[in-house]
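Colleague: Let me give you the structure first, and then I'll get to my questions.
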Amino acid sequence: MSTDAALVKRCLTGDPIAARELVERFQGDVLAVCRRLLVHLHDSEDVAQEVFLRVFRSLGRWDNDRPLRPWVLGIAVNRCRTWIGKRAKGPVLAEFLDEAPDRTPADDSAELAREIRAAVDALRDGYREVFVLFHEQGRPYEEIAAAVGRPVGTVKTWLHRARLEVLDRLRSRGLVPDEPQPDTLRPG
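Going letter by letter, the sequence shown gives residues 1101 to 1288 in the numbering used here.
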């Protein structure tokens, strides 16, 4: 029996230590995915809690022939999608009130990082999800495919398109050159 299957079996018998172990094993990944997809820390924490409630309610339906991590991350992605959908329908409250203004001097790397984050945030949901899971979470294609419920080929296509959109935005903002620069140092 895999360690995932053994852990789930212990959780299903009501073992509180197993439940704590499951949360501790995945909470960092779940919160990181929620934080990146939802942007606001408060929303991310709320959704992460919902994710674990959903995980525990659904453990009996988990297929123990599959890895547990993509299944849990899939629930996280789906809960984020639901949260975004609800947020889009409701009134927009003043955002970022809890964030103090940045008093550090600006440099090019900070500006580039902000622009990359804004470009990723502007991606359509599916593209952003695979981009975050691949580039920020370091997840393999197969695990991303399981988490977002799409074939590996679709994940690769979406990731490629997401990269192109991010690059186009950076080019339009003048942060990367339009064309690759010729290597002027190479002997000709």
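Cβ atoms here follow ideal geometry from the backbone N, Cα and C, with glycine treated the same way.
1) Looking at D1129 and Q1237, is the spacing between their C-beta atoms short of 8 angstroms?
2) Suppose you measure from the CA of W1258 to the CA of F1156; what does that come to, to the nearest Å?
3) For D1278, count neighbouring Cβ atoms within 10 angstroms of its own Cβ and tell me buried if that reaches 16, exposed if not.
4) Spatial neighbours of G1174 within its chain, please: CB distance less than 8 angstroms, with the 5 preceding and 5 following residues excluded, ordered by chain position.
5) Cα separation between K1186 and A1176?
6) Helix, strand or coil: how does DSSP classify T1103 here?
7) Taking Q1127 as the reference, give the member of S1144, H1140, L1112 and T1113 with the closest Cα.
8) For A1353, which residues in the same chain have their Cβ closer than 8 angstroms to its Cβ, ignoring the five residues on either side in sequence?
9) Whole angstroms are fine: how far does the CA of I1184 sit from the CA of V1192?
10) Who are the near neighbours of R1154 in its chain, counting only those whose CB is closer than 7 angstroms to its CB and skipping five residues on each side?
11) Once DSSP output is grouped into helix, strand and coil, what is the label at H1140?
Modeller: Let's see:
1) In this structure, Q1237 places its C-beta atom within 8 angstroms of the C-beta atom of D1129.
2) Linking W1258 to F1156 through their CA atoms gives a straight-line distance of about 30 angstroms.
3) That one is exposed.
4) Cβ neighbours of G1174 within its own chain (closer than 8 angstroms, five residues either side excluded): A1246, A1247, V1248 and G1249.
5) Roughly 15 angstroms separates the two Cα atoms.
6) DSSP places T1103 in helix when its eight states are reduced to three.
7) Nearest of S1144, H1140, L1112 and T1113 to Q1127, Cα basis: S1144.
8) Shown here, the chain extends from 1101 to 1288; a query on residue 1353 therefore has no answer.
9) Low confidence applies here, because V1192 scores a pLDDT of 48, under 50, leaving its location unreliable; read the following figure in that light. Cα-Cα distance, rounded: 12 angstroms.
10) Same-chain partners within the cutoff: I1175 and R1179.
11) H1140: coil per DSSP, three-state reduction.
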